[in-house]
Amino acid sequence: MLKRIFLGLLLVLMALVAAVAVKTWRTPSQQLAVAPVPKIEIDVQAAAKRLAGAIPIRTVSSLDDPAGNLAEFDKLHAYLAQQFPKLHATLKKEVVGQRALLYTWTGTDPATKPIALMAHQDMVPIAPGTEKAWTVDPFAGEIKDGYVWGRGTLDNKGNLFAQMEAIELLITSGFKPRQTVYLVMGDDEEVSGLRGGLPIAELLKSRNVRLDWVLDEGLLILDGVLPGLSKPAALIGLAEKGYGTFFLSLDTAPGHSSMPPQRSAIGSMSAALARLEATPMPGAIQGVAAQMFGALAPEMGGVNRVMLSNLWLTEPLVRGQLEKSPSSNAMLRTTTALTIVRAGNKDNVLPGRAEAAVNFRILPGDTIDSVEAHLRKALGNDEIKIKRYPGNSEPSPVSPTDSTGYRAIQQAVRQSFPDVVVAPGLMTAATDSRHFSLVSDAVYRFSPFRMKSEDLARFHGTNERVAISNYGEMIGFYHQLLRNTNAAPAQ
Ligand SMILES: [Zn+2]
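Letter by letter, the sequence shown follows residues 599 to 1089 of the numbering used here.
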């Protein structure tokens, strides 16, 4: 009897091992095979100088003072017109809202749907107190050690200038796009995009424009960041998470601290916040995260490949690992972050009010309503009042991977960065592209910057810079992408 049970178990185990092995080694690569393309002649040093020349133009956007910095944006517009004369002679330029730019490059085939490339003109300021940590002056536009340094090189003048360089080259070579190409360049992306990106999307909608696809800034080419993957991975953002801040308040009778009640405003609010933090919203490897791992698993080696190829068996284990790191945890669930807590102002007075703020980043599939329902339940205290921040936004729709746009981007990445694999991904930050679901079902978020782990902090941070060699590849990428739109898409 025991022997039969043992034999049975052994058979089950062998079947399981066989199934895991088959799933691991027979799952085919999803990478698009591309033929090598002729190298494009780019004077990358001259291009780097043009980018560096824009860094001293301080196009910092502000939520509170929208008109405070318009002269800098005017300077940038004049600089662009001067540096890219053919583009400005060929494309129609419109200024939308205050200083947002919409360029139209009319296509030769009016029957095709237009496309849009996006990049924003504005940037974030230098965080006070961090100026000294820079190895260069962040606004000097210095070229040093093979990099263009300064605020805005990555976010997002690098993309904006690379797109213009590519178009200037294409015009020079006599290229005419089949599909109309829009360039969308917001002036307030860092502070919501409500004055720049959104009005441009609304303007296009009012003109009955429906975009075949849209490419905005977004996820990056990550090199050595994803465990188990030896090749760099270009992640193309299919969606971005929503934003949900809720303000909490709890009123109780104020009083003297010599005769405290059993539960104070501070105690009750703290207990509720502790319950909330201990009750995260459910997480799973599904949706875009599952698509991402599905595309990356066949490119991985060793145990990572086995684990990710067999999520039918390993999901709880893999999820447990991913949840340990804040960046991968954010791909699996709507995250909860306690950001403000405020109560009391004198050591011997019981405050009558305790306040707090909670910021959720909402996964596609959840909504502001479903998050608020979770919040109420998790707080477990009906006396806490909840107010929504007016700037909350729902998660974006999820763009498809079987569209011409995704294929065109994937193809251009594989042609321009032959060492790189491509996978879909989820943006956990917000970009102007979210406004473009008004005019397109296929909105993608990808910036062709090669980034190592230590480089990620340069975004909005100190020592922001782009390698000149990478900048040349970026120009090549946009050049190739636009050329691909005139050819039949790769299958
Ligand atoms: Zn940006």
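Idealized CB from N, CA, C, for every residue including glycine.
Tell me whether residue i counts as near ligand 1, meaning its Cβ is closer than 7 Å to at least one heavy atom of that ligand.
i: H718; result: yes
i: D753; result: yes
i: T1029; result: yes
i: E815; result: yes
i: E913; result: no
i: E1062; result: no
i: E787; result: yes
Expressed to the nearest angstrom, what Euclidean distance is found between the alpha-carbon atoms of residue i and residue j?
i: R917; j: F671; result: 45 Å
i: N927; j: I603; result: 40 Å
i: F845; j: G826; result: 41 Å
i: V782; j: Y701; result: 7 Å
i: P1087; j: K711; result: Low confidence applies here, because P1087 scores a pLDDT of 49, under 50, leaving its location unreliable and the question unanswered by this model.
i: A731; j: D786; result: 26 Å
i: V823; j: K1050; result: 6 Å
i: Q696; j: G739; result: 25 Å
i: S769; j: H1033; result: The amino acid occupying residue 769 in the given sequence is Ile; Ser does not appear at that position. The alpha-carbon atoms of I769 and H1033 are separated by roughly 29 Å.
i: N908; j: M890; result: 14 Å
i: L607; j: A613; result: 10 Å
i: D735; j: R1048; result: 23 Å
i: L977; j: A870; result: 5 Å
i: K673; j: G865; result: 54 Å
i: T728; j: T1060; result: 7 Å
i: V746; j: H675; result: 20 Å
i: V691; j: F759; result: According to the sequence shown, residue 691 is Lys rather than Val. Cα-Cα distance, rounded: 16 Å.
i: A893; j: E953; result: 44 Å
i: D998; j: P830; result: The residue asked about is misnamed: residue 998 is Pro in this sequence, not Asp. The straight-line gap from Cα to Cα measures roughly 23 Å.
i: M1025; j: W703; result: 29 Å
i: I982; j: A941; result: 14 Å
i: L1054; j: T877; result: 29 Å
Our contact map puts residue i next to residue j with C-beta atoms below 8 Å; I'd like the distance itself, whole angstroms only.
i: V572; j: L874; result: What the structure shows of the chain is the stretch from 599 to 1089, and residue 572 is not part of that stretch, so it cannot be assessed.
i: P962; j: G881; result: At roughly 13 Å, the Cβ-Cβ gap does not stay under 8 Å, so P962 and G881 are not in contact.
i: I655; j: G748; result: Not really, about 10 Å apart at Cβ, beyond 8 Å.
i: I713; j: V635; result: With 8 Å as the limit, I713 and V635 do not qualify as a contact, their Cβ atoms being about 20 Å apart.
i: S1038; j: L809; result: 4 Å
i: V694; j: L801; result: 6 Å
i: A1010; j: F1075; result: 6 Å
i: T937; j: I960; result: Actually they do not touch by this definition, with Cβ atoms about 15 Å apart.
i: F1057; j: D743; result: Going by Cβ atoms, the distance from F1057 to D743 rounds to 20 Å, so no, they are not a contact pair.
i: Y577; j: I834; result: In the structure displayed, the chain extends from 599 to 1089; residue 577 sits before or after that span and is not available.
i: P775; j: L1080; result: 6 Å
What residues match up with residue i in a beta bridge as DSSP calls it?
i: N957; result: T843 and A935
i: S583; result: With the chain running from 599 to 1089 in the structure shown, residue 583 is simply not present.
i: M1049; result: L820
i: R1063; result: W747
i: A870; result: According to DSSP, A870 bridges with nothing at all.
i: A676; result: Answer is none; A676 lacks a bridge partner.
i: I984; result: L846
i: M783; result: L699
i: G794; result: Answer by DSSP bridge pairing: none, since G794 is not bridged.
Inset, instruction - Decide if the region 754-766 is in contact with the region 645-656; the criterion is three or more beta carbon pairs, one per stretch, under 8 Å apart. - result: A contact between stretches requires three or more CB pairs, one per stretch, nearer than 8 Å, and the region 754-766 meets this requirement with the region 645-656.
Inset, instruction - Kindly confirm or deny that the region 631-644 and the region 1070-1077 touch, where touching means at least three C-beta pairs closer than 8 Å. - result: Taking a contact to require three or more Cβ pairs closer than 8 Å, the region 631-644 and the region 1070-1077 qualify as touching.
Legend entry - the region 808-825 contacting the region 1013-1029, beta-carbon criterion three pairs below 8 Å: Three or more beta-carbon pairs drawn from the region 808-825 and the region 1013-1029 are found closer than 8 Å, and the two stretches are therefore classed as touching.
Inset, instruction - Report yes or no: do three or more beta-carbon pairs, one from the region 855-864 and one from the region 902-920, lie closer than 8 Å? - result: Output reads no: the region 902-920 does not touch the region 855-864.
Legend entry - Segment contact flag, the region 994-1007 with the region 965-975, C-beta cutoff 8 Å, min 3 pairs: Too few Cβ pairs lie closer than 8 Å, so no.
Inset, instruction - Could you tell me whether the region 788-804 touches the region 656-668, where touching means 3 or more Cβ pairs closer than 8 Å? - result: Contact holds: three or more Cβ-Cβ distances are below 8 Å.
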